[in-house]
Amino acid sequence: MEKIPLEWTTKAVFFSQIDWADTRFRITYGRPMAALIPSIRNVGLLNQAVLQEKESGQFRIVAGARRLRALQEIGQEPIECKIAPVESREKGLLLWNFFENLDRGFNPVEQALAVKKLSAFLEEKELIQEYLPYLGLAPKKETLERFSIVAEISPLYRQALFEGRLFPETIELTLKEFRPVANLIWALFVFLHWGFQKQKEFLTELKEISKRIGRDWVSILLSEFLTEPCQRPLWTPQQKGVAIRNFFRACLYPTLTETEKAFAQSIAPLNLDQRSKISPPPFFEGGRYNLEISFSSSQELKESLGRIVPALEQGKFDRLP
Amino acid sequence: MPFFFNKIIVERGCQTAPLTQKILQTYAHLPVEWADQGSRSFFGESISDSKRTLYLTRFKGDLIKPCPGTKEYICCGYRILHIGTNCPIDCSYCILQAYFNQPYTRLFVNTEDLFRQLNQFVVHHPGEIIRLGTGEFTDSLAFDPLTGFSHLLKEELYAYPNVLVELKTKTSAIQNLLQEEPLKNLMVSWSLNPSTIIRKEEYGAASLSERLEAARICQEKGYRLGFHFDPIFFSPGWEDAYQSTVELLFSTVPADKIVWISLGCFRFIPTLKPIIQQRSPASRYIYQEFIPALDKKMRYVQPIRVAIYRKMLQWIQTYGGKGITVYLCMENPSVWEKVFHFIPGKGHPSLTEMLDQRVLDLGMVEGK
Chain U
51 MEKIPLEWTT KAVFFSQIDW ADTRFRITYG RPMAALIPSI RNVGLLNQAV
101 LQEKESGQFR IVAGARRLRA LQEIGQEPIE CKIAPVESRE KGLLLWNFFE
151 NLDRGFNPVE QALAVKKLSA FLEEKELIQE YLPYLGLAPK KETLERFSIV
201 AEISPLYRQA LFEGRLFPET IELTLKEFRP VANLIWALFV FLHWGFQKQK
251 EFLTELKEIS KRIGRDWVSI LLSEFLTEPC QRPLWTPQQK GVAIRNFFRA
301 CLYPTLTETE KAFAQSIAPL NLDQRSKISP PPFFEGGRYN LEISFSSSQE
351 LKESLGRIVP ALEQGKFDRL P
Chain X
199 MPFFFNKIIV ERGCQTAPLT QKILQTYAHL PVEWADQGSR SFFGESISDS
249 KRTLYLTRFK GDLIKPCPGT KEYICCGYRI LHIGTNCPID CSYCILQAYF
299 NQPYTRLFVN TEDLFRQLNQ FVVHHPGEII RLGTGEFTDS LAFDPLTGFS
349 HLLKEELYAY PNVLVELKTK TSAIQNLLQE EPLKNLMVSW SLNPSTIIRK
399 EEYGAASLSE RLEAARICQE KGYRLGFHFD PIFFSPGWED AYQSTVELLF
449 STVPADKIVW ISLGCFRFIP TLKPIIQQRS PASRYIYQEF IPALDKKMRY
499 VQPIRVAIYR KMLQWIQTYG GKGITVYLCM ENPSVWEKVF HFIPGKGHPS
549 LTEMLDQRVL DLGMVEGK
């Protein structure tokens, strides 16, 4: 890795001179300032912010946006800052900010922002092998692709990614397969409080159902089977999620669903007690059922068998699917 | 020229084998590369490209092996005579796409080792009925016009009256079989599917009418026949397609010349699905109600399979008569019971015994 050659001067800057909207070097997301303000109040600013002078005469922030915001809140200005000249190389300034933030670790939004911004200046191989590990990511091409895609997520959903309500893998899958309806899908995920596994299953199953029934995803997503549970005012997000997952399951496994119903109907007349349970084989494959009786005395066992044996003799077990 | 190849790779040490010489003469126009044993593995080459390379090698392991069955599903006790791996026919659903980790269409040129092992196997299983097939890891007849293997096999089989060999194919490459008198312990079988499926999913295979015509000619010559509806695909309208295929079969071939018909629904190891999706994006059969079965393969849910087998059996018995021997390939006992009302090996002969008895009854083999 080449050393980053940077020159700077020190200068006192007023907040009005800073172009806050210019975030080209920013890779920080979701870091609270709450602890920073008392720290600066009590011990002062230990590490100066870095700015770059712009041709307009304003300054863009290279590193230290949070520190500057904290100082602004405290009401302290002008601030002594390190100033990189206009002609400084963008790559060097970005890397300066990157390495300055290295020791604190990166959340998923920051990982995506860093990957996107670094990829503009670094060769793919260097980015994968040297920089992904700095970001706490596996040095693989798939990881680079994933986080490059995640960087495209609308700012509206960055908070959900930061909070772990959306996930890099499901964002990637959504953008790769369902880009036109990505925002709708993410809104649904956040609304239903689904974890990673449920999100992934939903995306896989949506694609499968769409292929199988020959309908586009939009019409499936907007069908009453999905919208109706979501609109039920008294249902919890969990209940809504269960209804949607049940609908998907019935689409994917119509025969299995019917078989499950037939099984439930066939064991109902057996009138088993609470201690006895009949379980079908997984997916009804192989036809081997399990009968489980829990008991704590011979009397309990006798009572349970007293219900099972007559049902068996009456042929009620013959109706199992 | 039976199939189109782009090049031939000959493994060092195989160049003097008669089969190598024969193939190199036939494909004299093709570029030839030489390779050290085991030096070639998949490296960024597509399955399609890989199939276009003919790789001539000596197989060092067991050339006779049991069919790779699983304990939860009833196996027919068939043994594999290992003559090569991969196949020039390109069925979209072919398990071999996900099964082998070695590239190319491979032919084993050490036929002398194969027949030596066959001899040893027979010696170690005296009097036992041995059913063998070459159609598990490749098509039995696809290369026959090139290799003349069926002729070599016949010369060996004369000496082994307890051995039955079943050549399973999707081709109509029967010319070598017709040049000589049939052997009672050599039967020919065709894998069948409706024409719509053959056209869409079995690229490079013979059409249904070509297969049935080849079967008809073989039975006229005196060969006994087998048919395998495997894989059977479930999709809207499957009944009409399969019923008319069964009807066509029995209108072309006399039922009394059929040794057996096997049935097996489409099943696949999970790693095959992305290969099918990538190589055959138009194929819809992969989007059906599959469940992970006891052997880790994806299968249609059991009630669907039972319904399919019951209907197939009904059509076979309607058009071919009740005397036809029908069996299920790799199905569980519960399915057998629901379709046939008995379970092989449970108060009834095992499937292996049933099929052995069938070829004994037909006088195709001699056994204890």
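Protein chains in written order, with this note's numbering: chain U, 51 to 371; chain X, 199 to 566.
Just so you know, even glycine gets a beta-carbon here, dropped at the ideal spot from N, CA and C.
Keep in mind the model is a prediction, meaning the values are calculated, not measured.
Quiz item: Who does X/Y356 pair with in a DSSP beta bridge?
Solution: The residue labelled residue 356 of chain X in the question sits at position 158 within the second sequence. Paired residues: none, contrary to the question.
Exercise. Please check if any C-beta of chain X sits within less than 9 Å of the C-beta of U/R119.
Key: Looking up residue 119 of chain U in the first sequence gives position 69. Residue contact with chain X for U/R119: absent (no Cβ-Cβ distance below 9 Å to any residue of chain X).
Quiz item: Where X/Q417 and X/P542 are concerned, what is the direct C-alpha to C-alpha distance, given to the nearest angstrom?
Solution: Reading the second sequence from its first residue, position 219 is the one you call residue 417 of chain X. Reading the second sequence from its first residue, position 344 is the one you call residue 542 of chain X. Our two residues, X/Q417 and X/P542, have alpha carbons roughly 29 Å apart in a direct line.
Exercise. Express the C-alpha separation of X/F488 and U/N340 in angstroms, rounding to a whole number.
Key: Against the first sequence, residue 340 of chain U aligns to sequence position 290. Against the second sequence, residue 488 of chain X aligns to sequence position 290. CA-to-CA, the gap between U/N340 and X/F488 works out to about 23 Å.
Quiz prompt | X/Y401 and X/I287 closer than 9 Å at C-beta | solution = Working through the second sequence from its first residue, we reach residue 401 of chain X at position 203. Working through the second sequence from its first residue, we reach residue 287 of chain X at position 89. Yes, the Cβ-Cβ distance between X/Y401 and X/I287 is below 9 Å.
Quiz item: To which residues of the same chain is U/K141 closer than 7 Å at the C-beta, ignoring the five residues directly before and after it?
Solution: Working through the first sequence from its first residue, we reach residue 141 of chain U at position 91. Only F171 meet the Cβ criterion.
Quiz prompt | Candidates U/R74, U/L225, U/L144, U/R117, of which the one nearest U/P88 by Cα | solution = Taking the first residue of the first sequence as position 1, residue 88 of chain U is located at position 38. Cα-wise, what sits closest to U/P88 is U/R117.
Self-check item: Within-9 Å CB hit, X/Q500 to chain U
Solution: On the second sequence, residue 500 of chain X is found 302 positions in, with the first residue counted as 1. Yes, its Cβ sits closer than 9 Å to a Cβ of chain U.
Practice problem: Quick one: give me the first and last residue of the alpha helix (DSSP H) that U/E192 is part of. | Solution: Locating residue 192 of chain U in the first sequence gives position 142, counting from the first residue. Annotation: the continuous alpha helix (DSSP H) that includes U/E192 extends over 191–200.
Quiz item: So is U/T59 in contact with chain X if we call contact Cβ pairs under 9 Å?
Solution: Taking the first sequence and counting its residues from 1, one reaches residue 59 of chain U at position 9. No, U/T59 lies away from the interface with chain X (no Cβ there is under 9 Å from its Cβ).
Exercise. Counting only runs of 4+ residues fully inside the region 296–324 of chain U, write out the alpha helix (DSSP H) ranges in chain order.
Key: Qualifying alpha helix (DSSP H) stretches, in chain order: 304–317.
Exercise. Spell out the partners DSSP gives U/Q379 in its beta bridges.
Key: With chain U running from 51 to 371 in the structure shown, residue 379 of chain U is simply not present.
Quiz item: Which of helix, strand or coil does DSSP assign to X/Y225?
Solution: Residue mapping note: residue 225 of chain X aligns to position 27 of the second sequence, counting from 1. Reduced to three states, the DSSP call for X/Y225 is coil.
Quiz item: Where does X/L279 fall in DSSP's three states?
Solution: Position 81 of the second sequence holds residue 279 of chain X. Collapsing the DSSP output to three states places X/L279 in a strand.
Self-check item: Extent of the continuous beta strand (DSSP E) run through U/K141
Solution: The residue you call residue 141 of chain U lines up with position 91 of the first sequence. Segment 140–150 is the alpha helix (DSSP H) holding U/K141; no beta strand (DSSP E) there.
Quiz item: To which residues of the same chain is U/E381 closer than 7 Å at the C-beta, ignoring the five residues directly before and after it?
Solution: For chain U, the structure presents residues 51 to 371; residue 381 of chain U sits outside this window and is missing.
Quiz item: Would the beta-carbon of U/L320 fall within 9 Å of that of U/A361?
Solution: Working through the first sequence from its first residue, we reach residue 320 of chain U at position 270. Working through the first sequence from its first residue, we reach residue 361 of chain U at position 311. Going by C-beta atoms, U/L320 is nearer than 9 Å to U/A361.
Quiz prompt | the region 274–281 of chain U in contact with the region 494–514 of chain X per 3-pair CB rule at 8 Å | solution = No: fewer than three Cβ pairs fall under 8 Å.
Quiz item: Looking at the C-beta of X/E270, does it have a partner C-beta in chain U at a distance below 9 Å?
Solution: Position 72 of the second sequence, counted from the first residue, corresponds to residue 270 of chain X. Yes, contact with chain U.
Quiz item: Apart from the five residues on each side of it in sequence, which residues of its chain come closer than 8 Å, Cβ to Cβ, to X/W534?
Solution: Your numbering for residue 534 of chain X matches position 336 in the second sequence. Same-chain partners within the cutoff: I272, L526, F540, I541, P542.
Quiz item: Can the beta-carbon of X/F306 be found less than 9 Å from the beta-carbon of X/R256?
Solution: Numbered from its first residue, the second sequence carries residue 306 of chain X at position 108. Numbered from its first residue, the second sequence carries residue 256 of chain X at position 58. Inclusion of X/F306 and X/R256 in the CB contact set at 9 Å is warranted, their separation being smaller than that value.
Quiz prompt | Cβ contact check for the region 125–142 of chain U and the region 159–167 of chain U: 3 or more pairs under 8 Å | solution = Pairwise C-beta distances place the region 125–142 of chain U out of contact with the region 159–167 of chain U, as fewer than three of them are shorter than 8 Å.
Practice problem: Go ahead and pull the three-state DSSP assignment for U/Q364. | Solution: Within the first sequence, residue 364 of chain U is the residue found at index 314, counting from 1. Coil at U/Q364, not helix or strand.
Quiz item: X/M199 CB to nearest chain U CB: under 9 Å?
Solution: Along the second sequence, one-based indexing puts residue 199 of chain X at 1. Any answer about X/M199 is weak, because its pLDDT of 45 lies below 50 and its placement is not dependable; what the coordinates show is given next. Chain U contact via Cβ: absent.
Exercise. Keeping to the same chain, check which residues put their C-beta closer than 6 Å to that of X/I327; ignore five residues upstream and five downstream.
Key: The count along the second sequence starts at 1 and reaches residue 327 of chain X at position 129. Counting only Cβ-Cβ distances below 6 Å, and skipping sequence neighbours, we find N360, D554, V563, G565.
Quiz item: Who are the Cβ neighbours of X/N284 in its own chain at under 7 Å, not counting the five residues just before and after it?
Solution: What you label residue 284 of chain X is simply residue 86 of the second sequence in a count that begins at 1. In the same chain as X/N284, and ignoring 5 residues on each side of it, the C-beta atoms closer than 7 Å to its own belong to K249, L294, F298, Y302, T303, R304, T336, in chain order.
Quiz item: Can you give the Cα-Cα distance for X/G518 and X/L384, rounded to whole angstroms?
Solution: Position 320 of the second sequence, counted from the first residue, corresponds to residue 518 of chain X. Position 186 of the second sequence, counted from the first residue, corresponds to residue 384 of chain X. So the two alpha carbons sit approximately 23 Å from each other.
Practice problem: With 9 Å as the limit, tell me which residues of the region 322–348 of chain U have their beta carbon closer than that to any beta carbon of chain X; keep them in chain order. | Solution: Taking 9 Å as the cut-off between beta carbons, the residues of the region 322–348 of chain U near chain X are P331, P332, F333, F334, E335, G336, G337, R338, in sequence order.
Quiz item: Would U/A85 be called buried (16 or more neighbouring beta carbons within 10 Å of its own) or exposed?
Solution: Taking the first sequence and counting its residues from 1, the one referred to as residue 85 of chain U is at position 35. Of the residues assessed, U/A85 falls on the exposed side of the cut-off, its CB having fewer than 16 other CB atoms within 10 angstroms.
Quiz item: Does the separation of the CB atoms of X/L423 and X/L446 fall below 9 Å?
Solution: Residue numbering aside, residue 423 of chain X sits at position 225 when the second sequence is read from its first letter. Residue numbering aside, residue 446 of chain X sits at position 248 when the second sequence is read from its first letter. With contacts defined as CB atoms closer than 9 Å, X/L423 and X/L446 fail to qualify as a contacting pair.
Practice problem: Note down the Cα distance separating X/Q300 from X/L339, rounded to an integer number of angstroms. | Solution: Translated into positions along the second sequence, residue 300 of chain X becomes position 102. Translated into positions along the second sequence, residue 339 of chain X becomes position 141. A direct Cα-Cα distance of roughly 22 Å separates X/Q300 from X/L339.
Quiz item: Would you call U/S326 buried or exposed, if buried means 16 or more other Cβ atoms sit within 10 Å of its Cβ?
Solution: Mapped onto the first sequence, residue 326 of chain U falls at position 276. In the assembly as shown, U/S326 is a buried residue. Its beta-carbon has 16 or more other beta-carbons within 10 Å.
Self-check item: Within 8 Å of chain U by C-beta, residues of the region 485–496 of chain X in sequence order
Solution: Answer set for the region 485–496 of chain X: Y485, Q486, E487, I489, P490, A491, L492.
Self-check item: Secondary structure of U/A84, DSSP reduced to three states
Solution: What you label residue 84 of chain U is simply residue 34 of the first sequence in a count that begins at 1. It is coil, neither helix nor strand.
Exercise. Compute the distance between the beta-carbons of U/V159 and U/A134, then report whether it is under 9 Å.
Key: Walking along the first sequence from the start, residue 159 of chain U turns up at place 109. Walking along the first sequence from the start, residue 134 of chain U turns up at place 84. Using a Cβ distance threshold of 9 Å, U/V159 and U/A134 do not count as a contacting pair.
Quiz item: Just by C-beta distance, which residues in the region 525–556 of chain X are closer than 9 Å to chain U?
Solution: Listed in sequence order: N530, P531, S532, V533, E535, K536.
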